[in-house]
Amino acid sequence: RVANGLIGLGMKPGDTVVVAMENAIETVEVLFGVMKAGCVSAPLNLTISDEAIAMMIGDSKARAVIVSNDQRGRFSALIGEGAGLHLIALGESDTRWTGYDEWKLSQSSSPPNVDIAPDDLLNIIYSSGTTGRPKGIVHTHLSRLDWAYDASVALRYHGGARTLCTLALYSNISWVMMLCTFLAGGTLILTRKFDAGEFISETAKHRATHTALVPVQLRRIVDHTEFSAEKVKSMLAMMSCGSPLQADLKQRIFDTFPAGVIELYGLTEGVATTLEPEEAQGRMASVGKPLIGTDIKIIGDDDLPVPVGEAGEIVSTGRIVMPYYFNRPDETEQAVWRDGEGRAWLRTGDVGRLDEEGFLYIVDRKKDLILSGGQNIYPSDIEAVLLKHSSVTSAAVIAAPHDEWGETPFAVIEVTKDANRDQIMAWANENLGRRQRLTGLHIVESLPRNPNGKILKRELKKSLFAEHSQ
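First residue of the sequence shown? That's 130 in this note's numbering, and the numbers climb one at a time after it.
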């Protein structure tokens, strides 16, 4: 019905539909209806700024916008008058918006007569913009099917799977889990937002078998007073994604969750590795091996592959890799590394290393490296030391401008009550290498994060060192 409704509005295959909805059954209807019409969905993150949303609506070349009822006012102001967009919202119709239920139920339930090729675009997912202006990451019907197939094998999907989805359906991991679930013939359980207590009760109530969480959510779950292994015993595959899982938390999860945790390293652009529970012992710092159909290499600053064990940029190739960034030919080309045979690989911007068995270890984000006196300093190494202090609950290390050394490490941390800044900084510098020592430390109530729990280091640099950058 949704597909026929879009076609009735004059939407053609390849036209973009912006979807700005919270997790709900209607959201799934819309996403699959857009797909069935041969159109391209652009699901948006509702927590970002109005400026970013307006940019995405324009960048995606949207011809229709479908929103939750409470988003009408916001999007009316963003779109303005005379934009020529088809506007649909949950709830009843008004002078500007068509009511979703009335519109949907008035459509034919017969399958639409639309020819869809494997390489036709399916969706555009916008990057979080943590390293600059958000980019539209494109996936086709075939690449999405490959994501679903390859991930369903690695993540142990089956016909009785019940996936508890707490992450919003604009994110890549939510798409992957949704498609894996339906490919296997399972059940999708949606929550509108994450709450640790609700996660525990919903898992027990529905006997959920699969989920994906970011590390900050996992920590809140195991710290919750209602948590017990008995209440989550139905979980067969719990994925940790978004940022590296700290070794101490990973071990704690293995000790308390019956099935352990599958750590997933990946980019929306199309690279994914998994560390299975049976592989984790002795490799707690690893993020595992690539999915079937995916290959990774490590290259140095000279763009040549490095020896096993050496750190360099992670590059990936395979059938789940995006074809391009939407409307960004120059940035698409910059994201490509070509091997000696001319084969294209995706540059991840992450620094990592491979061991002799092919297990991947993430070292840091390439753009987060601190260049001090001509030497590379990895913030993640310093963050790992800080997190060993009993008063430190979260840490981010960034590059501070320095007249003599160029850049030096500066830490921003979240702490428990009654923590002493000077004591923590002195303790850290006693436990760090000479080049790693902090030249500054700042305590905050909460670090800036995106909806996936990733710390926004760019925002920290902007707020702390704005005067210097100007």
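Just so it is clear, CB atoms sit at the ideal spot from N, CA and C, and this is done for glycine as well. Please read these numbers as outputs of a predicted model, since none were measured by experiment.
Using a 10 Å radius around the Cβ and a threshold of 16 neighbouring Cβ atoms, would you call residue i buried or exposed?
i: residue 247; result: exposed
i: residue 420; result: buried
i: residue 325; result: buried
i: residue 234; result: exposed
i: residue 280; result: buried
i: residue 283; result: buried
i: residue 344; result: buried
i: residue 512; result: buried
i: residue 173; result: buried
i: residue 442; result: buried
i: residue 288; result: exposed
i: residue 579; result: buried
i: residue 152; result: buried
i: residue 479; result: buried
i: residue 297; result: buried
i: residue 301; result: buried
i: residue 528; result: buried
i: residue 493; result: buried
i: residue 506; result: buried
i: residue 224; result: exposed
i: residue 591; result: exposed
Nearest-angstrom Cα distance between residue i and residue j?
i: residue 498; j: residue 162; result: 43 Å
i: residue 366; j: residue 339; result: 5 Å
i: residue 333; j: residue 398; result: 34 Å
i: residue 621; j: residue 551; result: It is not possible to answer for residue 621, since the shown part of the chain is limited to 130 through 599.
i: residue 259; j: residue 587; result: Because the pLDDT of residue 259 is 42, which lies under 50, any placement of that residue in the model is unreliable, and the question is left without a value.
i: residue 252; j: residue 310; result: 18 Å
i: residue 437; j: residue 394; result: 19 Å
i: residue 159; j: residue 230; result: 11 Å
i: residue 557; j: residue 392; result: 28 Å
i: residue 574; j: residue 472; result: 47 Å
i: residue 141; j: residue 465; result: 31 Å
i: residue 408; j: residue 390; result: 11 Å
i: residue 598; j: residue 453; result: For residue 598, the predicted structure reports a pLDDT of 43, less than 50, and the residue's modelled location is therefore unreliable. A value from the coordinates is still provided. Each residue's alpha carbon lies about 32 Å from the other.
i: residue 268; j: residue 451; result: 5 Å
i: residue 238; j: residue 220; result: 21 Å
i: residue 122; j: residue 517; result: The chain is shown from 130 up to 599; residue 122 falls before or after that span and cannot be answered.
i: residue 504; j: residue 321; result: 45 Å
i: residue 134; j: residue 215; result: 11 Å
i: residue 562; j: residue 272; result: 44 Å
i: residue 212; j: residue 226; result: 13 Å
Quickly, what does DSSP pair residue i with across the bridge? List them, please.
i: residue 327; result: According to DSSP, residue 327 bridges with nothing at all.
i: residue 474; result: 466
i: residue 215; result: 193
i: residue 416; result: DSSP, once it has assigned bridges, lists no residue as partnering residue 416.
i: residue 501; result: 504
i: residue 424; result: 446
i: residue 539; result: 527 and 569
i: residue 77; result: This structure gives no information on residue 77, because the portion of the chain shown stretches from 130 to 599.
i: residue 114; result: The chain is shown from 130 up to 599; residue 114 falls before or after that span and cannot be answered.
i: residue 220; result: None, per the DSSP bridge assignment.
i: residue 553; result: Paired residues: none, contrary to the question.
i: residue 316; result: 291
i: residue 392; result: 369 and 404
i: residue 491; result: 481
i: residue 521; result: 544
Compare the C-beta of residue i with all C-beta atoms of chain B and state if any pair is closer than 8 Å.
i: residue 274; result: Absent from the structure is chain B; it holds one protein chain and no more.
Please confirm whether any heavy atom of the ligand SAH lies closer than 7 Å to the CB of residue i.
i: residue 439; result: Only the bare structure without any ligand can be found here, which leaves the ligand SAH out of the picture.
So residue i and residue j are in contact, right, with Cβ under 8 Å, and what is the actual spacing, rounded?
i: residue 554; j: residue 576; result: About 17 Å; that fails the 8 Å criterion.
i: residue 144; j: residue 168; result: 5 Å
i: residue 483; j: residue 489; result: 6 Å
i: residue 417; j: residue 405; result: 7 Å
i: residue 291; j: residue 318; result: 6 Å
i: residue 347; j: residue 369; result: 6 Å
i: residue 312; j: residue 277; result: 5 Å
Where are the beta strand (DSSP E) runs, 3 residues long or more, that stay fully inside the segment 337-377, in chain order?
With a minimum length of 3 residues, the continuous beta strand (DSSP E) runs that stay inside the segment 337-377 are 339-342 and 366-369.
Counting only runs of 3+ residues fully inside the segment 428-453, write out the beta strand (DSSP E) ranges in chain order. For the segment 428-453, whole beta strand (DSSP E) runs of length 3 or above, ordered along the chain, are 441-447.
**Prompt:** Whole alpha helix (DSSP H) runs in the segment 138-201 with 4 or more residues, listed along the chain?
**Reply:** If we require 4 residues or more, the alpha helix (DSSP H) runs fully inside the segment 138-201 come out as 154-165 and 179-188.
Can you give, in chain order, each stretch of the beta strand (DSSP E) that sits fully within the segment 561-585 and has at least 3 residues? Given a length threshold of 3 residues, each whole run of the beta strand (DSSP E) inside the segment 561-585 is given here in chain order: 569-572.
- Message: Report the start-end ranges of each beta strand (DSSP E) in the segment 277-305 that is 3 residues or longer and not cut off at the edges.
- Response: With a minimum length of 3 residues, the continuous beta strand (DSSP E) runs that stay inside the segment 277-305 are 291-294.
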